[in-house]
Amino acid sequence: MTTDAAGTAGTPVALVLRHDSAIGLGNLGPTLEAHGYEVRFLDAPNEDVTAIDPLGPDVVVVLGGDEGVYEAEEYPYLAHEIELLRARIAAEAPIFGVCLGAQLLAAALGADVYRGPRKEVGWLGVELTDAGEASPVRHTRDVRFVQWHGDTFDLPDGVELLAGSRQYANQAFRRGDWLLAVQFHPEVTHEIHEDWLAAWGDELPEYGLTVDGMRELQATCGPSAAAASAAILGEFVEGLATHRELPRAS
Numbered sequence: 001m002t003t004d005a006a007g008t009a010g011t012p013v014a015l016v017l018r019h020d021s022a023i024g025l026g027n028l029g030p031t032l033e034a035h036g037y038e039v040r041f042l043d044a045p046n047e048d049v050t051a052i053d054p055l056g057p058d059v060v061v062v063l064g065g066d067e068g069v070y071e072a073e074e075y076p077y078l079a080h081e082i083e084l085l086r087a088r089i090a091a092e093a094p095i096f097g098v099c100l101g102a103q104l105l106a107a108a109l110g111a112d113v114y115r116g117p118r119k120e121v122g123w124l125g126v127e128l129t130d131a132g133e134a135s136p137v138r139h140t141r142d143v144r145f146v147q148w149h150g151d152t153f154d155l156p157d158g159v160e161l162l163a164g165s166r167q168y169a170n171q172a173f174r175r176g177d178w179l180l181a182v183q184f185h186p187e188v189t190h191e192i193h194e195d196w197l198a199a200w201g202d203e204l205p206e207y208g209l210t211v212d213g214m215r216e217l218q219a220t221c222g223p224s225a226a227a228a229s230a231a232i233l234g235e236f237v238e239g240l241a242t243h244r245e246l247p248r249a250s
């Protein structure tokens, strides 16, 4: 991939940090494209994260993965991602994090990330805080999203908690209008859901779930989750339209 700051003919660039081909951008991609972004991908396990100008992309989207933030010795690119995120945070450069992306953002902001007591798996809702009701995450109200994670994090200093769940208190947070992180999975399409069932469906009985039951939930909950996801990310990127211009490397 190229690392130029500007897209084709000045089109804004959304750089997506991906950790697993099965954990893709999904239904977030059309939302970015509909708002005028040129979407570029960097596969963190296989490409050089340090080659990226941290302030080059107009927005960085950090996706999920099986890795734990605390496993940087085994996955050194995680440490490189955290450094990239810290540089963007220092410049108040826009970032959207999902699952592992949210955990990496928490670490970049100085919080601890660690294994939770038990995985949170299924089509589940989140509970909004007062701050969440006044944020793009308000579109989660009465909507169920895929949760499939076993790690969590302490809430970083200087952020607003937007949502939690019965099992994991920190489900979404933001800083200003330029950083938004969610622990749940807004990106999941039917195709991604099927990929996950094929890869990790054998885990489901431990949580009282079945592959067929998850498929039924996807059919029921998927359309409203996709609409809410588009609204969350769409409102976030619309808010960036008035964000100050990023400093560019000379």
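The sequence shown maps to residues 1 to 250 in UniProt numbering. Glycine included, C-beta positions come from ideal geometry on N, C-alpha and C. Computed from a prediction, not measured in an experiment: that's the story for all the values here.
| query | Between the C-alpha atoms of Ile-89 and Ala-106, what's the straight-line distance to the nearest angstrom? | reply | Within the sequence shown, the letter at position 89 stands for residue 89. Within the sequence shown, the letter at position 106 stands for residue 106. Looking at the two C-alpha atoms, the distance is approximately 11 Å.
| request: Counting only runs of 3+ residues fully inside the segment 94 to 122, write out the beta strand (DSSP E) ranges in chain order. | output: Runs of the beta strand (DSSP E) lying entirely within the segment 94 to 122 and spanning at least 3 residues, in chain order: 95 to 98.
| task | Output the distance between the C-alpha atoms of Glu-203 and Val-98, rounded to the nearest integer angstrom. | result | Numbered from 1 along the sequence shown, position 203 holds the residue referred to as residue 203. Numbered from 1 along the sequence shown, position 98 holds the residue referred to as residue 98. Taken atom to atom, the span from the alpha-carbon of Glu-203 to that of Val-98 is near 21 Å.
| task | Kindly indicate which residue of Leu-233, Val-188, Thr-31 has the alpha-carbon position closest to the one of Val-146. | result | As a first step, residue 146 is located in the sequence shown; it is residue number 146 there, counting from the start. Closest option to Val-146, Cα to Cα, is Val-188.
| said: If you reduce the DSSP assignment to three classes, tell me which class Glu-191 lands in. | reply: The count along the sequence shown starts at 1 and reaches residue 191 at position 191. Helix at Glu-191.
| field | Residue interval of the beta strand (DSSP E) (run including Glu-38) | value | Position 38 of the sequence shown, counting from 1, holds the residue named residue 38. Where Glu-38 is concerned, the enclosing beta strand (DSSP E) stretches over 38 to 43.
| query | Hey, Arg-18 and Asp-58 are a contact pair by Cβ (cut 8 Å); roughly how many whole angstroms apart? | reply | Here the question's residue 18 lines up with position 18 in the sequence shown. Here the question's residue 58 lines up with position 58 in the sequence shown. Their Cβ separation, rounded to whole angstroms, is 18 Å, which puts Arg-18 and Asp-58 out of contact at 8 Å.
| Which residue's Cα is closest to the Cα of Val-137: Val-69, Asn-170, His-80, Gly-116? | Counting from one through the sequence shown, the residue named residue 137 turns up at place 137. With distances taken between CA atoms, Val-137 lies nearest to Asn-170 out of Val-69, Asn-170, His-80, Gly-116.
| Is the distance from the Cβ of Pro-156 to the Cβ of Ala-111 below 7 Å? | Within the sequence shown, numbered from 1, the residue matching residue 156 stands at position 156. Within the sequence shown, numbered from 1, the residue matching residue 111 stands at position 111. Cβ distance < 7 Å, so Pro-156 and Ala-111 count as in contact.
| How many Å lie between Gly-10 and Trp-178 at the Cα? | The residue given as residue 10 occupies position 10 in the sequence shown. The residue given as residue 178 occupies position 178 in the sequence shown. If you take the alpha carbons of Gly-10 and Trp-178, they lie about 21 Å apart.
| message | On the DSSP bridge list, what partners appear for Glu-160? | response | Locating residue 160 in the sequence shown gives position 160, where the first residue counts as 1. According to DSSP, which records beta bridges pairwise, Glu-160 is partnered with Arg-174.
| task | Can you say whether Ala-249 is buried or exposed, counting buried as having 16 or more other CB atoms within 10 angstroms of its CB? | result | Taking the first residue of the sequence shown as position 1, residue 249 is located at position 249. With a pLDDT of 47 at Ala-249, under the threshold of 50, the modelled position of this residue cannot be trusted; read the value that follows with caution. By the neighbour-count rule (16 or more Cβ atoms within 10 Å), Ala-249 is not buried but exposed.
| said: Going residue by residue through the segment 54 to 101, where are the continuous alpha helix (DSSP H) segments of at least 4 residues, counting only ones entirely within it? | reply: DSSP runs (the alpha helix (DSSP H)) wholly in the segment 54 to 101: 77 to 90.
| task | Report all residues from its chain with a CB closer than 7 Å to the CB of Arg-144; omit the five preceding and five following residues, and keep chain order. | result | Here the question's residue 144 lines up with position 144 in the sequence shown. Within the same chain, Arg-144 has close Cβ partners Trp-123, Leu-124, Gly-125, Cys-221, Ala-225.
| said: If you follow the alpha helix (DSSP H) that Thr-220 is in, where does it begin and where does it stop? | reply: Against the sequence shown, residue 220 aligns to sequence position 220. In the DSSP assignment, Thr-220 falls within the unbroken alpha helix (DSSP H) covering 211 to 239.
| request: Assign His-19 to one of three DSSP states: helix, strand, or coil. | output: Residue numbering aside, residue 19 sits at position 19 when the sequence shown is read from its first letter. Three-state DSSP puts His-19 in coil, outside helix and strand.
| request: Please report how far the alpha carbon of Thr-210 lies from the alpha carbon of Asp-53, in whole angstroms. | output: Here residue 210 refers to the residue found at position 210 of the sequence shown. Here residue 53 refers to the residue found at position 53 of the sequence shown. So the two alpha carbons sit approximately 44 Å from each other.
| query | Taking the beta strand (DSSP E) that Asp-151 falls in, what are its first and last residues? | reply | As a working note, residue 151 is residue 151 in the sequence shown. For Asp-151, the uninterrupted beta strand (DSSP E) segment begins and ends at 145 to 153.
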